[in-house]
Each structure stands twice: as C-alpha cells, then as structure tokens.
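**Student:** My structure is below; once you've seen it, I'll send some questions.
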Amino acid sequence: MNKIKISALLFVVASLIAGCGEQDKSASTASQSTETQQKFKWKLVTSWPKNFPGLGVTPEKFAKNVEAMSNGRLKITVYGAGEIVPGFEVFDAVSNGTAEMGHSGPYYWKGKIPAAQVFSSLPFGMNAQEMNGWLHHGGGLALWQEVYKPFGIIPLAGGNTGVQMAGWFKKEINSLDDLKGLKMRIPGLGGEVIKRLGAVPVTLTGGELFTALQSGAIDATEWVGPYNDLAFGLNKAADYYYYSGWHEPGTVLEFLINEKAYNALPKDLQAIVKVAARAANQDMLDEYTARNISALKQLQAQENVQLRALPDSVMTALRETTQQVIAEQAAQDPQLNKVWQSYSSFYKEVRAFHSLTEQQYYQNR
3 MNKIKISALL FVVASLIAGC GEQDKSASTA SQSTETQQKF KWKLVTSWPK NFPGLGVTPE
63 KFAKNVEAMS NGRLKITVYG AGEIVPGFEV FDAVSNGTAE MGHSGPYYWK GKIPAAQVFS
123 SLPFGMNAQE MNGWLHHGGG LALWQEVYKP FGIIPLAGGN TGVQMAGWFK KEINSLDDLK
183 GLKMRIPGLG GEVIKRLGAV PVTLTGGELF TALQSGAIDA TEWVGPYNDL AFGLNKAADY
243 YYYSGWHEPG TVLEFLINEK AYNALPKDLQ AIVKVAARAA NQDMLDEYTA RNISALKQLQ
303 AQENVQLRAL PDSVMTALRE TTQQVIAEQA AQDPQLNKVW QSYSSFYKEV RAFHSLTEQQ
363 YYQNR
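As structure tokens, this is what we get:
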C-alpha cells in the first residue's frame with residue numbers, strides 16, 4: 003500500500019473517531035440538558051397547623067427556597083396537619099410514598115423507633131448549639147439516617163426551638179405531691195419521667211392543646227415557648243407559666259424525605275434540598291430567639307399570667323428520674339443504646355468545654 007492510500011485511510015479512521023466523539027458529547031449534552039429541564043412536584047406533610055408561627059412557617063420557607071434555587075424545577079407544596087394525613091401519621095406517609103417529604107419531631111415515633119427520641123431532645127441534655135454540633139460534625143446525623151434507613155426515609159435536621167418552657171399549669175407546683183395524678187401533655191422521654199413521679203402523660207398534637215386544657219381533659223401542657231404558646235392562646239386556659247424546659251433543652255425538628263423520591267432527583271436538586279434544609283434548621287432557631295422575647299413581654303403584661311420557676315426539689319427529682327429512665331431504655335434497646343453512647347460521649351466533652359466558655363460567659367456578663 004503506497005503512502006497516499008495509507009494517509010487517506012488514516013484520515014477516514016480519524017474522522018470516524020472524531021465523529022463518534024462528537025456524537026457521544028452531543029448525546030451527553032442532550033442527556034444533561036433533559037435532566038436539568040425535568041421538573042418535579044413534591045408534597046410535604048407536617049405535624050403542625052398550616053403556617054403556624056415557627057414550626058409551620060419553616061417548611062414553607064424551605065419550599066420557597068428550594069423552588070427559587072432550582073429555578074422552579076422542584077416545586078414542593080406544604081400541607082398542614084390533617085390536610086392529607088393527621089399530624090402523628092407524617093412518618094408513615096413519607097415512608098409509604100403518600101408524600102415525598104414531611105416535617106415533624108423525631109420523638110413522636112418513639113413507639114416504633116425508641117432511638118428516634120435521642121435525635122430530638124433529651125431531658126437535661128444538649129442545647130440547640132450542642133445538638134447541631136453532634137448531628138453535623140459528631141456523627142449524629144449518620145446514625146440518624148442509619149436508624150431511619152429500614153423505613154425508606156432520609157432524615158435531615160429541620161429546625162430547633164432552643165430551650166423550651168416547662169409549660170402551662172392550672173395549679174401551682176410547690177412539691178412532688180402536686181405532680182401526683184396530674185394529666186399533662188408531654189411527649190418523648192419527658193413523658194416517661196413524669197409518669198414515674200406519679201403524673202399522667204398525654205399525647206396530643208398542637209392543634210388539640212387549647213381545647214383539652216380549657217375543658218379540663220388535661221391539667222397542664224408544655225408546647226414550645228412564648229412565641230408559640232401565645233399564638234395558641236394557652237394563657238387563656240391556664241394561669242401558671244413555669245420554666246425552665248428541663249424536658250426539651252434544644253428540640254430538633256426534622257425533615258423526612260422519601261428515599262426513592264430523593265434518589266430520583268438529579269444530583270444538583272439533591273444538593274439544593276440538603277442546603278435548603280440546613281438553612282431552615284438555623285433559621286428556625288434564629289426566629290425563636292427573636293420572637294420569644296416580645297411574646298413573653300405580651301404574656302407578662304396580662305394580669306392572669308404568673309411566671310414561676312419549678313421548685314428545686316421537683317427539678318432534682320426530675321433529673322434523677324431522667325437518668326434512671328434513659329439507663330433502663332438503653333439497656334432494653336440495642337439501637338437506642340448505640341445512639342445513646344454516641345450522644346452521651348459528645349455531650350460529656352461539649353459540656354466540659356462549655357463549662358469553661360459558654361457557661362462562664364453567662365455568669366460573668
């Protein structure tokens with residue numbers, strides 16, 4: 003074969019290779035273009051009344067941010083408790099695909115997942131800042147996702163209320179005897195603790211609290227703090243407002259994501275969901291910090307509201323009983339024990355550090 007024929011053959015082969023490359027590039031570009039133009043519509047169910055201050059507004063802000071950041075490619079419609087499913091059925095709705103997302107509190111699922119309580123708030127445990135540290139940089143979030151994995155759910159931190167109030171009571175609490183037979187709405191481990199001390203814990207959604215308290219179905223209720231308590235009008239159903247929230251020192255709320263729906267999203271939309279959730283998590287804490295101030299002033303301006311501190315004897319009993327309850331539940335449930343070991347290890351270290359920094363500053367300022 004002469005040199006001219008060889009050159010011609012090489013040219014043809016090179017052209018074919020180049021053509022294939024262009025086709026591959028063109029196909030890849032077309033695929034990416036189709037993916038970036040595909041639109042998704044999700045439903046997000048919550049355990050709160052529609053647009054309720056703080057808790058209900060946070061998922062609305064999240065949905066707006068996701069839509070804006072995705073340029074409308076992911077549109078999430080938020081539904082309040084009862085609009086699609088009752089507030090306590092959010093977990094199941096996301097797990098079975100009735101909704102792609104949910105917003106709720108992990109301790110509501112203690113009946114099916116005892117370990118879930120640890121990801122929300124433990125009595126006398128970590129505050130909001132410490133919980134965020136454990137979840138996002140101390141291994142907590144990885145454990146949380148491991149716990150929810152069998153249910154096809156990906157959890158993300160979805161807000162924090164900060165230290166809550168101890169709640170509204172129809173009578174004064176002067177000693178442990180005043181807890182005997184007291185019917186109180188209180189979730190999670192806090193409910194088990196007061197049960198050990200003779201009270202009767204009751205599980206109710208937020209929308210049921212005022213009517214139950216006013217009618218006498220319950221004698222006391224905790225909810226969150228001044229911002230939300232004022233919005234529900236709890237001060238019109240009880241006079242004694244107690245602090246501090248021993249039972250919920252830094253309550254983490256959660257975004258629940260159906261794993262299949264999440265995996266069906268392009269990578270950039272997955273990232274947008276995670277970033278928007280992280281922003282919502284911090285924004286809720288910021289909002290409660292600011293709004294609780296003015297709300298407490300409004301409550302204190304009303305003649306019937308009497309702000310009280312729980313007696314030291316009651317607080318001591320609550321603390322000691324909490325330690326017993328956690329130890330017992332951890333011993334009974336291997337999964338809870340695994341999560342508790344991680345939590346308690348981080349808590350011990352951050353508590354020691356904060357005793358030199360945050361706590362000292364509070365005492366000195």
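Count along the sequence shown starting at 1, add 2, and that's the number in my numbering. Glycine residues also receive a C-beta, built at the ideal position from the N, C-alpha and C atoms.
Bridge partners of residue 257, per DSSP?
**Tutor:** Stepping through the sequence shown from its first residue, residue 257 is reached at position 255. DSSP, once it has assigned bridges, lists 105, 158 as partnering residue 257.
**Student:** Helix, strand or coil for residue 248 per DSSP?
**Tutor:** If you number the sequence shown from 1, residue 248 lands on position 246. Here residue 248 sits in coil by DSSP.
**Student:** So, residue 167 versus residue 113, is the Cβ gap smaller than 7 Å?
**Tutor:** Here residue 167 refers to the residue found at position 165 of the sequence shown. Here residue 113 refers to the residue found at position 111 of the sequence shown. Against a cut-off of 7 Å, the Cβ pair of residue 113 and residue 167 comes out as no contact.
**Student:** Going by beta-carbon coordinates alone, are residue 338 and residue 117 separated by less than 7 Å?
**Tutor:** In the sequence shown, the residue the question calls residue 338 occupies position 336. In the sequence shown, the residue the question calls residue 117 occupies position 115. Cβ atoms of residue 338 and residue 117: closer than 7 Å.
**Student:** Suppose contacts are defined by Cβ-Cβ distances below 7 Å. Is residue 190 in contact with residue 105 by that definition?
**Tutor:** Along the sequence shown, read from residue 1 onward, the residue named residue 190 stands at position 188. Along the sequence shown, read from residue 1 onward, the residue named residue 105 stands at position 103. No, these two residues do not count as a Cβ contact at 7 Å.
**Student:** Go through its chain and collect everything with a Cβ distance to residue 85's Cβ below 6 Å, but skip five positions before and after it.
**Tutor:** By one-based count along the sequence shown, residue 85 stands at place 83. Taken in chain order, the list of residues that qualify is empty.
**Student:** Give the DSSP bridge partners of residue 115, in chain order.
**Tutor:** Numbered from its first residue, the sequence shown carries residue 115 at position 113. BP columns for residue 115 are empty, so no partner.
**Student:** Is the stretch 310-326 touching the stretch 245-256, taking contact as three or more C-beta pairs under 8 Å?
**Tutor:** The answer is yes - the stretch 245-256 touches the stretch 310-326, with three or more Cβ pairs under 8 Å.
**Student:** For residue 295, does the count of other Cβ atoms within 10 angstroms reach 16, so buried, or fall short, so exposed?
**Tutor:** Locating residue 295 in the sequence shown gives position 293, counting from the first residue. With fewer than 16 other Cβ atoms within 10 Å, it is exposed.
**Student:** The alpha helix (DSSP H) that contains residue 204, what's its start and end?
**Tutor:** Locating residue 204 in the sequence shown gives position 202, counting from the first residue. Element bounds for residue 204: not the alpha helix (DSSP H) but the beta strand (DSSP E), 202-204.
**Student:** Check whether the Cβ atoms of residue 184 and residue 221 sit closer than 7 Å, and answer yes or no.
**Tutor:** Here residue 184 refers to the residue found at position 182 when the sequence shown is read from its first residue. Here residue 221 refers to the residue found at position 219 when the sequence shown is read from its first residue. Result yes, Cβ atoms of residue 184 and residue 221 sit closer than 7 Å.
**Student:** Would you decide whether residue 363 is buried or exposed? Buried here means 16 or more other CB atoms lie within 10 Å of its CB.
**Tutor:** Indexing the sequence shown from 1 puts residue 363 at position 361. So residue 363 ends up on the exposed side.
**Student:** What is the DSSP secondary structure of residue 33, counted as helix, strand or coil?
**Tutor:** Working through the sequence shown from its first residue, we reach residue 33 at position 31. Note that residue 33 scores 47 on pLDDT, short of 50, meaning its location in the model is unreliable and no value can be drawn from it.
**Student:** Is there contact between the stretch 335-352 and the stretch 262-273, where contact requires at least three CB pairs shorter than 8 Å?
**Tutor:** No, the stretch 335-352 does not touch the stretch 262-273.
**Student:** Give me the residue from 121, 320, 79 with the minimum Cα distance to residue 1.
**Tutor:** Past the boundaries of the shown model lies residue 1; the chain is included only from 3 to 367, so the question cannot be answered.
**Student:** Does DSSP put residue 367 in a helix, a strand or coil?
**Tutor:** Locating residue 367 in the sequence shown gives position 365, counting from the first residue. Of the three classes helix, strand and coil, the one that applies to residue 367 here is coil, per DSSP.
**Student:** Please report the straight-line C-alpha distance between residue 207 and residue 90, rounded to a whole angstrom.
**Tutor:** Residue numbering aside, residue 207 sits at position 205 when the sequence shown is read from its first letter. Residue numbering aside, residue 90 sits at position 88 when the sequence shown is read from its first letter. Going by the C-alpha atoms only, they are around 7 Å apart.
**Student:** Drop a sphere of 10 angstroms on the beta-carbon of residue 217, count the other beta-carbons inside from all chains shown, and report buried for 16 or more, exposed for fewer.
**Tutor:** For this step, residue 217 is matched to residue 215 along the sequence shown. The residue is exposed, with fewer than 16 neighbouring Cβ atoms inside 10 Å.
**Student:** So, for residue 349: in the same chain, excluding its five sequence neighbours on each side, which residues have a beta-carbon less than 6 Å away from its beta-carbon?
**Tutor:** Start at 1 with the first residue of the sequence shown, and residue 349 comes out as number 347. Cβ neighbours of residue 349 beyond the five flanking positions: 128.
**Student:** So is residue 219 buried or exposed if we call it buried at 16+ other beta carbons inside 10 Å?
**Tutor:** Reading the sequence shown from its first residue, position 217 is the one you call residue 219. It is exposed - the Cβ of residue 219 has fewer than 16 other Cβ atoms within 10 Å.
**Student:** Would you mind reading off the limits of the alpha helix (DSSP H) that contains residue 272?
**Tutor:** For the purposes of this step, residue 272 is taken as the residue at position 270 of the sequence shown. From DSSP, the alpha helix (DSSP H) with residue 272 extends over 269-302.
**Student:** By DSSP, does residue 340 sit in helix, in strand, or in coil?
**Tutor:** Counting from 1 along the sequence shown, the entry for residue 340 is found at position 338. Helix.
**Student:** Based on Cα-Cα distance, which residue from 355, 64, 346, 365 lies nearest to residue 126?
**Tutor:** Numbered from 1 along the sequence shown, position 124 holds the residue referred to as residue 126. Ranking the options by Cα distance to residue 126, first place goes to 346.
**Student:** Assign residue 132 to buried or exposed, taking buried as 16 or more other Cβ atoms, counted over all protein chains shown, within 10 Å of its Cβ.
**Tutor:** As a first step, residue 132 must be located in the sequence shown, where it is residue number 130. Result: buried.
**Student:** Spatial neighbours of residue 202 within its chain, please: CB distance less than 6 Å, with the 5 preceding and 5 following residues excluded, ordered by chain position.
**Tutor:** The residue labelled residue 202 in the question sits at position 200 within the sequence shown. Contacts found: 185.
**Student:** Going by the CB atoms, is the gap between residue 108 and residue 256 shorter than 7 Å?
**Tutor:** As a first step, residue 256 must be located in the sequence shown, where it is residue number 254. As a first step, residue 108 must be located in the sequence shown, where it is residue number 106. Taking 7 Å as the Cβ cut-off, residue 256 and residue 108 qualify as a contacting pair.
**Student:** Does the stretch 60-68 come close enough to the stretch 274-293 to have 3 or more Cβ pairs within less than 8 Å?
**Tutor:** Touching, yes.
**Student:** Just the Cα atoms here: how many angstroms apart are residue 47 and residue 68?
**Tutor:** Here residue 47 corresponds to residue number 45 of the sequence shown, with the count starting at 1. Here residue 68 corresponds to residue number 66 of the sequence shown, with the count starting at 1. Taking the straight line from one Cα to the other gives about 16 Å.
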